[in-house]
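A short write-up of the structure that comes next.
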Amino acid sequence: MAGGAGAGLDREVPAHWVERAMAQVPDGPDVVVAHSFGSCALLAALDGQGSDPDRPDDEGPDAFARHRLRGVVLVSPFYRATPEEFTWESISYYLNGFDRILAEGLRVQSGGRVTGELRQDMALKVRERVGPYGWTAFFDTYLRTPYLRTERLRGPCLVIGGEADFSSFPPTARRWGPRCRTPRSRSWATAVTWR
Numbered sequence: 002m003a004g005g006a007g008a009g010l011d012r013e014v015p016a017h018w019v020e021r022a023m024a025q026v027p028d029g030p031d032v033v034v035a036h037s038f039g040s041c042a043l044l045a046a047l048d049g050q051g052s053d054p055d056r057p058d059d060e061g062p063d064a065f066a067r068h069r070l071r072g073v074v075l076v077s078p079f080y081r082a083t084p085e086e087f088t089w090e091s092i093s094y095y096l097n098g099f100d101r102i103l104a105e106g107l108r109v110q111s112g113g114r115v116t117g118e119l120r121q122d123m124a125l126k127v128r129e130r131v132g133p134y135g136w137t138a139f140f141d142t143y144l145r146t147p148y149l150r151t152e153r154l155r156g157p158c159l160v161i162g163g164e165a166d167f168s169s170f171p172p173t174a175r176r177w178g179p180r181c182r183t184p185r186s187r188s189w190a191t192a193v194t195w196r
């Protein structure tokens with residue numbers, strides 16, 4: 002379906018795929034590192050989205066205990082604390098700037114080796130591969146972040162953001178630090194930004 006009307010179409014929510022990936026790790030993962038949109042999907046999974054609704058939640062509201070996690074690292078997470086932070090301009094920014102965001106990802110991934118027209122062509126190819134349904138799945142997951150039950154995140158959480166990041170803005174990383182609950186003395190809840 003690449004490039005077609007249904008490109009990027011997946012009937013499962015992104016959190017479902019995170020759940021499946023974590024289930025593939027024998028005895029569960031110790032620490033999960035998620036970047037960019039992957040952070041949204043991980044947070045949604047930790048909130049219980051994408052879980053089997055018939056699965057008993059016998060370990061209570063602690064997502065870390067339920068998944069036997071020792072910690073999570075969120076790198077450049079997409080997050081908004083309130084629904085009011087989403088505006089029509091937000092949608093326009095991410096929709097109309099999607100290829101720019103993808104091109105920046107390619108620049109960073111390649112260490113600057115892929116430049117100019119080639120990088121832009123690659124970004125457009127990735128955009129076509131993701132398609133409207135893939136983009137909509139991303140934005141829908143992002144739109145739900147104000148409703149995440151952050152009180153379920155009771156384990157160590159490191160949030161990292163870049164000062165020059167123009168897709169998941171630096172204040173996002175700084176806002177996450179206080180939202181991560183850390184009841185244990187050896188826990189680490191921190192938010193850092195890099196230049």
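Numbering (our numbering), first residue to last: 2 to 196. Cβ coordinates follow ideal geometry from the N, Cα and C atoms, glycine included.
Annotation for V109: the continuous alpha helix (DSSP H) segment containing it runs F99 to Q110. With 16 or more other Cβ atoms from the protein chains shown falling within 10 Å of its own Cβ, D48 counts as buried. For A35, the beta-bridge partners assigned by DSSP are L75.
Look at V26 here: in three-state DSSP terms it is coil, with no helix or strand label. Rounded to the nearest whole angstrom, the CA to CA distance from S37 to L144 is 14 Å.
If you ignore the 5 residues before and after L44, its C-beta comes within less than 6 Å of the C-beta of L149, all in its own chain and listed in chain order.
Distance from the CA atom of V19 to the CA atom of A66, rounded to whole angstroms, is 16 Å. For the pair G29 and T146, the Cα-to-Cα distance works out to about 25 Å. Contact annotation, R128 with L107: C-beta distance approximately 11 Å; criterion of less than 8 Å not satisfied. G163 has its alpha-carbon roughly 27 Å from the corresponding atom of P133.
G135 sits buried, since 16 or more C-beta atoms from the chains shown fall within 10 Å of its C-beta. For L144, the enclosing alpha helix (DSSP H) begins and ends at G117 to L144. Linking E86 to V160 through their CA atoms gives a straight-line distance of about 20 Å.
L96 sits in a helix when the DSSP states are folded into three classes.
With respect to the C-alpha of E152, the residue from D63, A24 and Q25 having the closest C-alpha is D63.
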